[in-house]
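In this note's numbering, each residue's number is its place in the sequence shown (first place is 1) plus 275.
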Amino acid sequence: MESMLKKIILVPTDFSEVCGNAINQAAGAAKHLQYKLVLLHVIDKNTRSFLKNEGQAVDYVNKQLESIAASVIADFGIEVDTIAKEGDIFSTISEVATEVDASLMYLGTHGKVGMQKLTGSYAIKVVTSSPVPVIVVQKRQFDGPYNEIVFPITSDSGIWEKTEWAVHIAKQFKATIKIYQHAGEAIDKVVAGITSHFHKNDVKYTIDVAQKSSGFSNQVIDFATTNNSDMILIMTNPEKGVTSFILGSYDEEMIFNTSQIPVMCVNPRDYNWKKIVPY
């Protein structure tokens, strides 16, 4: 997978505290992976309203981005580019991700509405429209690498692309994948195929089974919290016949988990992609 990826991480920012946290986490990952960071601010109606109220010109945005970039370069020693672009956060962020050929995005989401509405349903729209995986972070800071990643499994839907990303992230960070699955023979077969692929790629893993069939998202969050996990990895589902993606209610509960554990959301890139593991 490494040869298929451009070494660029995109981070949209509305200059809020939580977006600053997303930038710091992305910068740490970029340093570890030897990737370049691209900071983006979408100049939309919220930005223009803010600038008007503050008596600032549009150039204020570029100055803010350049100041943040300078701090990141000084603190992390990585390459950083900045982009300020007119548009709206729902379409422009995904467009820029494609334009810069990003392989990963970090998105900070906050409980309050900042300069822009990177919160709640707004953040979900950004996640589900992204052409690349999105790591959603909240206010809680994570300074270290991703050592333990929780991998929830409820069905075989879209599982193999998520599996490839699990392998990629695990190998890059020397992480352990903690599979957390629904009980049942059908899911056991899916897990057997996944672990076979992990074995072939020398990925360390553990397997735990949910104790109840209901409340799966809360069980995942409790499991991740109890095990001091660094990330939860989930997959969105393609809506049949349209080029967009959806998140189930339990996915959204995990993204906005009260433990504020980062969540990596993977959108399928191709409805007709092949399964990487036969079972």
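Here a beta-carbon is modelled for each residue, glycine too, at the ideal position from N, C-alpha and C.
Here the structure is a predicted model, which means the values were calculated and not measured.
Check: What residue from V409, Q535, I283, N503 has the CA that sits closest to N422's CA?
Finding: N503
Note to self: Applying the 10 Å Cβ sphere with the 16-neighbour rule, what's the burial state of F520?
What the structure shows: With a pLDDT of 43 at F520, under the threshold of 50, the predicted position of this residue should be treated as unreliable, though the coordinate-derived value follows. Classification for F520: buried.
Margin query: Check this for me: beta carbons of K282 and I353, under 7 Å apart or not?
Written below: no
Check: Below 8 Å, can you find three or more Cβ-Cβ pairs linking the stretch 477-485 to the stretch 441-455?
Finding: yes
Next item on the list: Tell me where the alpha helix (DSSP H) around Y335 begins and ends.
Entry: 334-351
Check: So, do the stretch 394-408 and the stretch 322-337 have three or more beta carbon pairs nearer to each other than 8 Å?
Finding: no
Margin query: Going by DSSP, what residue range makes up the beta strand (DSSP E) through K311?
Written below: 311-318
Checklist line | Pairwise C-alpha distance: K400 and P537 | finding: 17 Å
Check: In the DSSP assignment, what residue or residues form a beta bridge with P427?
Finding: Y455
Notebook entry, point to check: If you run the structure through DSSP and keep just helix, strand and coil, what is K327?
Noted result: helix
Next item on the list: Run the CB neighbour count on T384, radius 10 Å, all protein chains shown included, and call it buried at 16 or more, exposed below.
Entry: buried
Margin query: Can you find the residues in the same chain that come closer than 7 Å, C-beta to C-beta, to K550, ignoring five residues on each side of it along the sequence?
Written below: Any reading at K550 must be qualified, since the residue scores a pLDDT of 43, below 50, and its modelled position is unreliable; the value itself is stated next. W435.
Margin query: Quick check on DSSP: helix, strand or coil for T518?
Written below: Confidence in T518 is poor, its pLDDT being 41 and thus under 50, which makes the residue's placement unreliable; the coordinate value appears in the next sentence. Of the three classes helix, strand and coil, the one that applies to T518 here is coil, per DSSP.
Checklist line | For N321, three-class secondary structure by DSSP | finding: helix
Margin query: Quick check: what's the CA-CA separation for D505 versus I318?
Written below: 32 Å
Note to self: Per the DSSP calculation, M529 is bridged to which residue(s)?
What the structure shows: Answer is none; M529 lacks a bridge partner.
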